[in-house]
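Below is one structure, written out as structure tokens, with a few remarks after it.
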Amino acid sequence: MLAARAADVPGIIGECGGSMNCLTCHCYVAPADIARIGPPTQIESDLLDGVIEARENSRLTCQIVVRADLDGVTFSVPQWQG
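Here is the structure:
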């Protein structure tokens, strides 16, 4: 989420600064890449239940740790957010 905000990615607002309180950093992970990201925690999963247009591949970007092995992973922002 911090990297997306620093790069001015449209739709990634991150109002809470990464404390998992606002849901304004919701994204979709490309289905082919979801296994590389790993599953959400139970808390994140519960929060995602309240997201508009949540999908199986929905994640909160504030909960994704940027790692070298994630190079090339594709994310998209829901149209209503962007």
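Under the UniProt record's numbering, the letters of the sequence shown match residues 1 to 82, in that order.
We put the beta carbon where it would ideally sit given N, CA and C, even for glycine.
The structure presented is a predicted model; accordingly, all values stated were derived computationally and were not measured.
Query raised in the report: Bridge partners of V29, per DSSP?
Result: F75
Query raised in the report: Looking only at C-alpha atoms, which of I37, P31, S58, R36 sits nearest to L23?
Result: S58
Query raised in the report: Okay, do the segment 65–72 and the segment 11–27 touch, 3+ Cβ pairs below 8 Å being the bar?
Result: no
Requested in this report: Apply the 10 Å Cβ neighbour rule to I12 and answer buried if 16 or more other Cβ atoms are within range, or exposed otherwise.
Outcome: buried
Query raised in the report: Since V29 and V73 are thought to touch, with beta carbons under 8 Å apart, how far apart are those beta carbons, to the nearest angstrom?
Result: 7 Å
Requested in this report: Identify the continuous alpha helix (DSSP H) that holds R36 and give its terminal residues.
Outcome: 34–37
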